[in-house]
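In the numbering used here, the protein residues as written are 239 to 729. Beta carbons are placed, not taken as given, at the ideal position from N, Cα and C, and that holds for glycine. Below: one structure, written as structure tokens.
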């Protein structure tokens, strides 16, 4: 008789300080599937559920049922109604039959308007339904993990890379451990150790720097006899949660003391690198000057991480764009992007070739800068649909909604109807932009951008501009995170 595996997904990273909330419609527009529709959506994608499908193909002795799978681009707090609807879908599915194992694809840094730890609530509800059935979860590297979450799980895994190019491998590892547990081959015990600080993610990429060193240390622990899993989570600085801050998570095979020793050793190493996780990038003006001074045929890129949608940015801050206009670079320039559905609709009504009086940025809020009012010519209109070609979420179908490409004083500007980071080269191909002919590329993005664009650019420079996900935490008022955490403890 086949063993039964239930799978569900609720993946969302929430910025508590964003002025925009995320409703159910945003999930339904991004990733919203169950049953056969989930298989169609995720097959052959480098995602968690893509890995589940590959597992099902390779393990005919397991019958996999795909319950609600929902994900949305990171943003502000999820509405309580949206969370309740997704939670109800998952729980209703679990109640339909008995399971031999359950796997949840989670992020770990979700917040709702009324709950700073909704994933803990979901885990509590799932455990209440399934009882002692083996339960596994996978988490993003930026998860805010708390001990109560781990206590509800039999085993868990986390991304090892940032940019995140191991989503599928993370799920595959979770499934291997989960099925080994269900078949009685291992007895995992989990421990976490917290770092008494909150780190922003500017220096968390695992290609170099302190997080690359932490990834190697965690890998060394995973190679130790008896260790089933060891992951270091950087945490999500803009998710105001009682679980805020970096976490070392270790699962050992029946040996709690070993798991504790490994987790505390990793947390100590993370704490020792605190100063190196702090970033001080140049101003937009200085970043532009630096980029133009770097020789080479490929474009130089400048990222504006404070308005990166994958950190809860709003696609609306104008500071970098204003600096670009004032600099008047003597090379072809592209700016991506502004989120402005009304402007896209106006461009579609006017048609390609029309010149419009526009206001770029400052639409959602003027807190981060006033709009840039200027004349712009419409160059192209698209339906916003493409499929990723880079390593981040490779082959996943993406829909950013209708878009418009404008030209402003020699700068090409992309405007979209949804707020999603331009992290894949196909985003620019969609707009007829040949990156090989671009001199300066300015984007609202952060480290995920590097996965697809490092090979295509001569340099990638971060700048420090105002936004919802700023370089420092000085101006953010935390309600739930412990005031003893650095740098909140300095106030």
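Should residue 306 and residue 328 be called a contact, given that it needs their Cβ atoms to be closer than 9 Å?
Yes, these two residues count as a Cβ contact at 9 Å.
For residue 458 and residue 416, I'd like the C-alpha separation in whole angstroms.
Between residue 458 and residue 416, the C-alpha separation is close to 22 Å.
Relative to the C-alpha of residue 609, which residue among 558, 678, 630 is closest?
The candidate whose alpha carbon is nearest that of residue 609 is 558.
Could you pull out every residue in the same chain whose Cβ sits closer than 6 Å to the Cβ of residue 545, ignoring the five residues on either side in sequence?
Excluding residues within five positions, the ones whose Cβ falls inside 6 Å are 551, 555, 682, 705.
Should the segment 516-534 be regarded as contacting the segment 692-706, the criterion being three or more beta carbon pairs within less than 8 Å?
As far as the Cβ criterion goes, the segment 516-534 touches the segment 692-706, which means the pair count is three or higher.
What does a CB cutoff of less than 6 Å around residue 381 pick up in its chain, not counting 5 residues either side in sequence?
If we look at residue 381 and ignore the five residues flanking it on each side, its Cβ neighbours are 346, 347, 471.
Cα-Cα, which of 388, 351, 420 is closest to residue 371?
Comparing Cα positions, the closest option is 420.
When you compare only the Cα positions, how much space is there between residue 636 and residue 625?
C-alpha separation (whole angstroms): 6 Å.
Do residue 391 and residue 413 have their CB atoms nearer than 9 Å?
No, these two residues do not count as a Cβ contact at 9 Å.
Run through DSSP, which three-state label would residue 644 get?
The answer is strand: DSSP assigns residue 644 an E or B state.
Counting C-beta neighbours from all protein chains within 10 Å, is the total for residue 730 16 or more, i.e. buried, or is it exposed?
Nothing can be reported for residue 730, as the shown portion of the chain is limited to 239 through 729.
Quick check on DSSP: helix, strand or coil for residue 692?
Three-state result, residue 692: helix.
Please determine, among 312, 474, 387, 368, the residue with the shortest C-alpha to C-alpha distance to residue 243.
It is 368 whose Cα lies nearest to the Cα of residue 243.
What are the boundary residues of the beta strand (DSSP E) that includes residue 306?
300-309 is the extent of the beta strand (DSSP E) around residue 306.
Identify, in the order they occur along the chain, each residue of the same chain with its Cβ nearer than 6 Å to the Cβ of residue 662, setting aside the five sequence neighbours on each side.
Contacts found: 626, 628, 690.
Could you round the C-beta distance between residue 602 and residue 257 to whole angstroms and report it? I think they count as a contact, below 8 Å.
At roughly 6 Å, the Cβ-Cβ gap stays under 8 Å, so residue 602 and residue 257 are in contact.
Looking at the structure shown, is residue 467 part of a helix, part of a strand, or coil, going by DSSP?
It is a strand residue.
Which partner residues does residue 571 have in the DSSP bridge list?
Residue 571 pairs with 649, 678.
According to DSSP, what are the bridge partners of residue 487?
Partner(s): 430, 469.
Measuring straight from C-alpha to C-alpha, what distance separates residue 731 and residue 269?
Given that the chain is displayed from residue 239 to residue 729, the structure contains no residue 731 and the question cannot be resolved.
Give a yes or no on contact between the segment 662-672 and the segment 512-522, applying the rule of three or more CB pairs nearer than 8 Å.
Because the criterion of three Cβ pairs below 8 Å is not met, the segment 662-672 and the segment 512-522 do not touch.
Is residue 569 buried or exposed, if buried means 16 or more other CB atoms sit within 10 Å of its CB?
With fewer than 16 other Cβ atoms within 10 Å, it is exposed.
Give the single residue among 356, 315, 373, 484 whose Cα lies nearest to the Cα of residue 341.
If we check each option's Cα against that of residue 341, 373 comes out closest.
Quick one: grab the DSSP three-state call for residue 325.
Note: residue 325 maps to helix in three-state DSSP.
Taking DSSP as the reference, what is the three-state secondary structure of residue 616?
Here residue 616 sits in strand by DSSP.
What three-state label does DSSP hand residue 631 in the structure shown?
Residue state, collapsed to three classes: coil.
From residue 714 to residue 255, what distance separates their C-alpha atoms?
Cα to Cα, the separation comes out at about 7 Å.
What are the boundary residues of the alpha helix (DSSP H) that includes residue 454?
Residues 448-460.
Where does the unbroken beta strand (DSSP E) through residue 269 begin, and where does it stop?
Taken as a continuous stretch (DSSP letters only), the beta strand (DSSP E) holding residue 269 covers 269-271.
Is it buried or exposed, residue 240, if we count other Cβ atoms within 10 angstroms and call 16 or more buried?
Burial call: exposed.
Hey, how far is the Cα of residue 318 from the Cα of residue 301?
Going from the Cα of residue 318 to the Cα of residue 301 covers about 33 Å.
Which partner residues does residue 246 have in the DSSP bridge list?
BP columns for residue 246 point to 342.
Report the partner residues of residue 625 according to the DSSP bridge assignment.
Answer by DSSP bridge pairing, in chain order: 635.
Quick test of your reading: residue 406 and residue 289, contact by CB under 8 Å. State the CB separation rounded to the nearest angstrom.
Contact holds; Cβ gap of about 4 Å.
Among residues of its own chain, excluding the 5 on either side of residue 276, which ones have a beta-carbon nearer than 7 Å to its beta-carbon?
Once the five neighbours on either side are set aside, the close Cβ partners of residue 276 are 287, 304, 307.
Short of 7 Å in beta carbon distance, which residues of its chain neighbour residue 716, apart from the five on each side in sequence? Order them along the chain.
Answer for residue 716: 478, 726, listed in chain order.
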